[in-house]
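Structure first, commentary second.
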Amino acid sequence: MSQKNFSSLPDNTKIMHESQEKWRNKNWEETLGEHKSGIEKLIEKINLFDIWSNSLQDNDAAKRLIPEIFMDGYISIHFAGYGLYKYANICLRSQLETTLRLIYFSTHPVEFDWWCRGNEWYRKGLATKDVWGEKYEYFRQLEYVKKFEKECDRDKKLFEEGQRVNKIYHTLSKYVHTSAFSFQTKPDDFSPKYKIEEFVKWVDNFKEIQEYINILLIFGFPKELEKLNSTSQEKIREIAIESPHYKGKLKEVLNSVL
Amino acid sequence: MSEALNLKDRLIKELWLPETIKAGDIFFPRLKKNKKMKLLTLTNDRNFQEIIEFEENNLTEKEYIVVWTYSHIKKLRLETELSPARVLGATRYENSTSSSSFPICEHFPFDIVNLDFSSQDPDLESGRIEREIQSLEKTVRLQRERQRTGFMLIYTTLLNSNELNCQGIAAASDEIHVSGWPGLGLGEFSPRIAGQMEKMACIQTVLNRIGLKYSYDVQIEERYYSLKESQEHLYSIAALLSSTR
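Order-wise, the sequence lines are chains A and B. Numbering-wise (this note's numbering), the first sequence opens with residue 1 and increments by one. Numbering-wise (this note's numbering), the second sequence opens with residue 1001 and increments by one.
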């Protein structure tokens, strides 16, 4: 739509268009001004999905779901850049859920086909709301996840005692189900603004999610990881995994895979 | 990589554009206003000048263009810039042609096939050019299955210090059986080629023979540039493939 057409917008739409244009540009500029190198590093993390999509080309679930996983990460950065922190965090929960589906559906092609067609009749008979069972049971049974869990310190375990995946999922769910602390608006602060403390909180969530997603993809697709060239393997380990604890434990477990 | 991207403008001007104009005149002599040639191009979001040049020279229009890129973020950018052209990929082309469901299949045939692997931030590990050539042959085969006259094929790659596995290229090609075809041969080259000149001669021979294998007469023009920032060389071949059937 040309600028000329914007002038003929109806009243309410015009108010929205004009104010949005201002706060969007202002917040984006402020965020980039303060965090451009930080944002570059976050984009490097989501670019790792190029490696995964390349190595999982014959996997139907991956072809369908990896672009969505990438887009959740991308839009999360986009929202955060505009000061829309609640929605930036919601994207991260979606990104985690889609990754879990990818790993599960990769070995359940019939259910994947049903799911693609919106037919999830089988879920009605399940004791839990998710196909992977209570407390992520399916993932806990994966050979290399088991080995990794055994190596990790108690509070760092993804599914066992530490329940790191469950904890971050619940943190992000608060943005979906709108607990008071996760509101986009505050009583004296209505329009979206760049806020350093909200931004930093979101960055922490973003990094944690990318770390878990890549650990799960590594252990969900160990054969594909093995086929990757050394540069790609190193990129995944160095860019996605920041925690020294996970880096070390991952190396120990991967030595038995690669 | 930025140097290779900058050199792309020279390649377009000195090789790709003049050769494609020739191809357009040969294959579509009657279309004067716009040749409406269907283009497949491996391109980069930072330099897609070939698309602009081909359009400005009335060889094609956006709706006849299919773009391939290897990255999600570049795909997003290219879709924004080049709509209504179709942007495919987010995987490496050379790996995707062997996938059971190569997503570009339905878009074949093309009148211009620009396989510019240098635009895809290539992993410079050994075996890369061998994979590129395999995907090039699969592309030519798909063209042959669906197109009767001929097309312009552009192949661009980065040559570095890795040896070229000449025997491996021949073996991979010979796995694709074509009735009456004796094989790619390549016995005149060293099994593993280290020198840049011999690599280029080998690639040129391979391209010629792949053309012959699929019943095309091949006319080749080439360019070669050394990159100052690295020990790499940018090598590009423009091949006019005319059907002999």
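Ideal Cβ positions, reconstructed from N, Cα and C, are used throughout, including at glycine. Because the structure is a prediction, the values reported are computed rather than measured.
Which residues in chain A sit within 9 Å of Asn1095 (chain B), going by Cβ to Cβ distance? Near Asn1095 (chain B) (Cβ distances below 9 Å), the residues of chain A are Asn54, Ser55, Gln57.
Run of the beta strand (DSSP E) containing Gly1089 (chain B), from where it starts to where it stops: 1086 to 1089
Look at the Cβ atom of Gly1180 (chain B), then the Cβ atom of Ser1242 (chain B), and state whether they are nearer than 8 Å. For Gly1180 (chain B) and Ser1242 (chain B), no; Cβs fall outside 8 Å.
Using 8 Å as the threshold, is the region 126 to 138 of chain A in touch with the region 232 to 239 of chain A, meaning 3 or more CB pairs across them? Verdict: no, contact absent.
Three or more beta-carbon pairs under 8 Å between the region 1095 to 1109 of chain B and the region 1046 to 1060 of chain B, yes or no? no
CA-to-CA distance, Phe206 (chain A) to Tyr104 (chain A), given in whole angstroms: 22 Å
What do you get for Phe116 (chain A), buried or exposed, if any count of 16 or more other CB atoms within 10 angstroms of its CB means buried? The sequence given here places Cys at residue 116 (chain A); Phe does not occur at that position. Exposed is the call here.
Taking 8 Å as the cut-off, does the region 1028 to 1047 of chain B touch the region 26 to 38 of chain A (at least 3 CB pairs, one atom from each stretch)? no
For the region 1071 to 1100 of chain B, which residues have a CB atom closer than 8 Å to at least one CB atom of chain A, in sequence order? For the region 1071 to 1100 of chain B, the residues whose beta carbon sits under 8 Å from a beta carbon of chain A are, in order, Ser1071, His1072, Ile1073, Leu1076, Ala1090, Thr1091, Arg1092, Asn1095, Ser1096, Ser1099, Ser1100.
Gln57 (chain A) and Ser1190 (chain B) closer than 8 Å at C-beta: No, they are not a contact pair.
Pick helix, strand or coil for Asn1241 (chain B), following the three-state DSSP scheme. With the sequence shown as reference, residue 1241 (chain B) is identified as Leu, and Asn is not the correct amino acid for it. Strand, per DSSP.
Would you report the Cα separation of Glu1198 (chain B) and Tyr169 (chain A), rounded to the nearest angstrom? Going from the Cα of Glu1198 (chain B) to the Cα of Tyr169 (chain A) covers about 57 Å.
In terms of residue numbering, what span does the alpha helix (DSSP H) encompassing Ala113 (chain A) cover? Before going further, note that residue 113 (chain A) is Asp rather than Ala in the sequence given. Here the alpha helix (DSSP H) through Asp113 (chain A) covers 109 to 116.
Give every residue of the same chain whose Cβ lies closer than 8 Å to the Cβ of Phe159 (chain A), excluding the five residues on either side of it in the sequence, and list them in chain order. The residues are Lys135, Tyr136, Phe139, Arg140, Val145, Glu149, Val165, Asn166.
Cβ neighbours of Ala1238 (chain B) in the same chain (closer than 8 Å, five flanking residues each side left out): Short of 8 Å from the beta carbon of Ala1238 (chain B), and not among the five residues preceding or following it, lie these beta carbons of its own chain, in chain order: Leu1015, Trp1016, Glu1019, Thr1020, Met1152, Leu1153, Ile1154, Ile1220, Glu1221, Glu1222.
Give me the residue from B:Leu1124, B:Glu1188, B:Ala1090 with the minimum Cα distance to Glu1232 (chain B). B:Leu1124
Under 8 Å, Cβ to Cβ, is there at least one residue of chain A near Asp1045 (chain B)? no
For a cutoff of 8 Å on Cβ pairs, would you count Ile43 (chain A) as touching chain B? yes
Please classify Tyr1224 (chain B) as buried or exposed, where buried requires at least 16 neighbouring CB atoms within 10 angstroms. exposed
Identify which residue in B:Arg1144, B:Ile1129, B:Pro1122, B:Thr1091 has its Cα closest to the Cα of Tyr1214 (chain B). When only C-alpha atoms are compared, the closest one is B:Arg1144.
Cutoff 8 Å: Asp11 (chain A) Cβ touching any chain B Cβ: Not closer than 8 Å to any Cβ of chain B, the Cβ of Asp11 (chain A) fails to qualify, so no.
Going by C-alpha to C-alpha distance, which of B:Ser1226, B:Glu1130, B:Tyr1216 sits closest to Arg1245 (chain B)? Of B:Ser1226, B:Glu1130, B:Tyr1216, the residue nearest in Cα terms is B:Tyr1216.
Got a sec: which bits of the region 1111 to 1136 of chain B sit with their beta carbon under 8 Å from any beta carbon on chain A, in order along the chain? Asp1123, Glu1125
Using the beta-carbon count (16 or more within 10 Å), is Gln20 (chain A) buried or exposed? Gln20 (chain A) comes out exposed.
Gln1219 (chain B) bridges to which residues according to DSSP? DSSP lists B:Leu1240 as the beta-bridge partner residues of Gln1219 (chain B).
Determine, for Thr98 (chain A), whether the minimum Cβ-Cβ distance to residues of chain B falls below 8 Å. no
Exposed or buried, which one is Met16 (chain A) when buried takes at least 16 other CB atoms within 10 Å? Its Cβ having fewer than 16 others within 10 Å, Met16 (chain A) is exposed.
I need the straight-line Cα distance from Asp60 (chain A) to Leu102 (chain A), nearest angstrom please. 9 Å
How far does the beta strand (DSSP E) with Asp1116 (chain B) in it extend, from its first residue to its last? 1112 to 1116 is the extent of the beta strand (DSSP E) around Asp1116 (chain B).
Go ahead and pull the three-state DSSP assignment for Trp1016 (chain B). Taken through DSSP and simplified to helix, strand or coil, Trp1016 (chain B) comes out as helix.
What does Asp50 (chain A) touch in chain B if you count any residue whose Cβ is under 7 Å from its own? In chain order: Tyr1070, Ser1071, His1072, Ala1090.
In the DSSP assignment, the alpha helix (DSSP H) including Phe219 (chain A) goes from what residue to what residue? 196 to 220 is the extent of the alpha helix (DSSP H) around Phe219 (chain A).
Going along chain B in order, which residues have a C-beta closer than 7 Å to the C-beta of Phe70 (chain A)? His1072
Whole-angstrom Cβ separation of Lys45 (chain A) and Gln210 (chain A), contact assumed at under 8 Å? 4 Å
Counting beta carbon pairs with one atom in the region 1164 to 1176 of chain B and one in the region 1125 to 1134 of chain B, are three or more of them shorter than 8 Å? The region 1125 to 1134 of chain B vs the region 1164 to 1176 of chain B: in contact.
With 8 Å as the threshold, decide whether the Cβ of Asn47 (chain A) is near any Cβ in chain B. yes
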